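Numbering (numbering that gives the first Met the number 0), first residue to last: 0 to 56. Backbone N, C-alpha and C fix where the C-beta goes; we use that ideal spot for every residue, glycine too. Since the model is a prediction, treat every value here as computed from it, not as a measurement.
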Amino acid sequence: MASGRQVRRLSPIARLLTLRCALCADGHGQVHLPGGLLRGMRLDGHGMPWQELEHAG
0 MASGRQVRRL
10 SPIARLLTLR
20 CALCADGHGQ
30 VHLPGGLLRG
40 MRLDGHGMPW
50 QELEHAG
């Protein structure tokens, strides 16, 4: 049964970024992404996935 909270769909890029952050998180929930990761994912300079995740939070 669905709760009263509206479900928001994330773009594939935002879902991939979320998964990568979850895999890199330490025991305290902090994320330290390896250098060049965003560049390798072709996300450097693009704020859209980050903004999308902030609004979904």
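Asked	Found
Arg-8 vs Met-40 beta-carbon contact at 9 Å	no
Same chain, Cβ closer than 8 Å to Asp-25, neighbours up to 5 away in sequence not counted	His-31
Cβ-Cβ distance between Leu-16 and Pro-48 below 9 Å	yes
Beta-bridge partners of Ala-24, as assigned by DSSP	Val-30
Whole-Å CB distance - Glu-53 paired with Ser-10, under 8 Å assumed	That pair is no contact at about 13 Å.
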